[in-house]
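Asker: Residue numbers (this note's numbering): 17 to 414.
Handing you a structure now.
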């Protein structure tokens, strides 16, 4: 890989910390180098992936001449003699219309051979087996292949698989799609973590486990599982070596305290570190590393810091692995108003609402609180030493 290792510079008072912008760039580059493998997935599991090849029509659309309305399929000028009924899903069985004949027909039903138009019920009058009304030639019939011809390319490789794409693929005869869709395992560490109920003394309710699945999906990846671990070295080793996903996210073991074993375990596994600490607030203790086939992302244990870190490292990594654009980008720059403090050496990410051409700080930005992020639409990226003048970059929140 051509991704640089940590550079050993001093930034924000933390030796070896990478600048926020450089950390995001390194995550993106690692994602491009560690492209997700192409997987043939059934339609029900392909949502959010990126097409690995062109999507072609296995059948025409429509696949047969069909009625677009409930009414009467007619041939020749009226009035027409009613000769039968045709329902959707029922074979025509050789039925054909001659001039002056009609069949009552349901929406989606195959029209008989010889049909020239469909006369909707609301425009028709039926008296003693005779149908009258004005039927314009070719109207209200979906002609075979008029929308899409068999074999036609309808989407190019690289298109995101949206709900509409899944429906289109099914209508064109596909049961599965070849996609790039990175897989992710999330490990939430901490002896103090509770996953349900009211936390007791010395216990913290897990907020990161419920948070990250939505971030993972938003970035264009598929979550394999969320697993809660204690602080033990052996437990973390077992979880990292058996995860089986393209990306393993470890929450709460990325700092350098006595219970933070992520660096030690990754070192024993021979992982190469790309980012070790980021000069930003909140979310400084971040980690990005990789082995031959797996990328590891270390996030802080505080929820808001973890969200900031996920937008710093995880989102650009995952979107690049599938070939998608980074969903956090695209909001541009705006003036920032409200009570905002900058730091001399760290980038600060501040929760904001976008109002009347300005980014309004909402407050509640402590590392352990998601209240500000829940109120906000974006993070304002406040550069080191910002003096309050000019516009700041905006990072869209999931």
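Beta carbons are placed, not taken as given, at the ideal position from N, Cα and C, and that holds for glycine.
Predicted, not measured: the structure shown is a model, and the values here were computed from it.
To the nearest angstrom, how far is it from the Cα of residue 321 to the Cα of residue 167?
Answerer: Their Cα atoms are separated by approximately 49 Å.
Asker: Where do the ends of the alpha helix (DSSP H) carrying residue 119 lie?
Answerer: No alpha helix (DSSP H) holds residue 119; the beta strand (DSSP E) holding it covers 117 to 121.
Asker: How would you write the range of the beta strand (DSSP E) that residue 54 sits in, first residue to last?
Answerer: Per DSSP, residue 54 belongs to the beta strand (DSSP E) from 54 to 58.
Asker: Following the continuous beta strand (DSSP E) through residue 239, name the residue where it begins and the one where it ends.
Answerer: Note, residue 239: beta strand (DSSP E), 238 to 245.
Asker: Helix, strand or coil for residue 409, going by three-state DSSP, please let me know.
Answerer: Here residue 409 sits in strand by DSSP.
Asker: Go ahead and pull the three-state DSSP assignment for residue 251.
Answerer: It is helical.
Asker: Quick one: complete alpha helix (DSSP H) runs, 4+ long, within the stretch 309 to 387?
Answerer: Runs of the alpha helix (DSSP H) inside the stretch 309 to 387: 319 to 325, 331 to 338.
Asker: Which same chain residues, not among the five before or five after residue 415, have their C-beta less than 6 Å away from its C-beta?
Answerer: Residue 415 falls outside the range modelled here, since the chain spans only 17 to 414, and no answer is possible.
Asker: Among the candidates 105, 130, 123, 304, whose CA atom is the shortest distance from the CA of residue 111?
Answerer: Checked all of 105, 130, 123, 304; the closest Cα to residue 111 is 130.
Asker: Are the beta-carbon atoms belonging to residue 190 and residue 145 less than 8 Å from one another?
Answerer: No, the pair does not count as a contact, with Cβ atoms beyond the cut-off.
Asker: Within 10 angstroms of the Cβ of residue 120, are there 16 or more other Cβ atoms? Answer buried if so, exposed if not.
Answerer: Residue 120 should be labelled buried.
Asker: Buried or exposed: where does residue 363 fall if 16 or more other Cβ atoms within 10 Å of its Cβ makes it buried?
Answerer: So residue 363 counts as buried.
Asker: Mind checking whether residue 66 and residue 176 have CB atoms under 8 Å apart?
Answerer: For residue 66 and residue 176, yes; Cβs fall inside 8 Å.
Asker: Per DSSP, which one or two residues make a beta bridge with residue 35?
Answerer: In DSSP, residue 35 forms a bridge with 295.
Asker: Cα-Cα, which of 222, 396, 46, 385 is closest to residue 377?
Answerer: Looking at the Cα atoms, 396 is the closest of the given residues.
Asker: Tell me which residue opens and which closes the beta strand (DSSP E) that residue 284 is part of.
Answerer: First-last for residue 284: 278 to 284, but that is the alpha helix (DSSP H), not the beta strand (DSSP E).
Asker: Could you tell me the distance, in whole angstroms, from the CA atom of residue 327 to the CA atom of residue 350?
Answerer: Rounded to whole angstroms, residue 327 to residue 350 spans 19 Å at the Cα level.
Asker: Within the same chain, show all residues whose beta-carbon is closer than 8 Å to that of residue 400, passing over the 5 residues directly before and after it, in chain order.
Answerer: Here the set comprises 28, 295, 358, 359, 360, 361, 362, 363.
Asker: Using 10 angstroms around the beta-carbon of residue 226, count the other beta-carbons present and answer buried if the total reaches 16, otherwise exposed.
Answerer: Residue 226 should be labelled exposed.
Asker: Which residues bound the alpha helix (DSSP H) around residue 232?
Answerer: That run of the alpha helix (DSSP H) goes 224 to 234.
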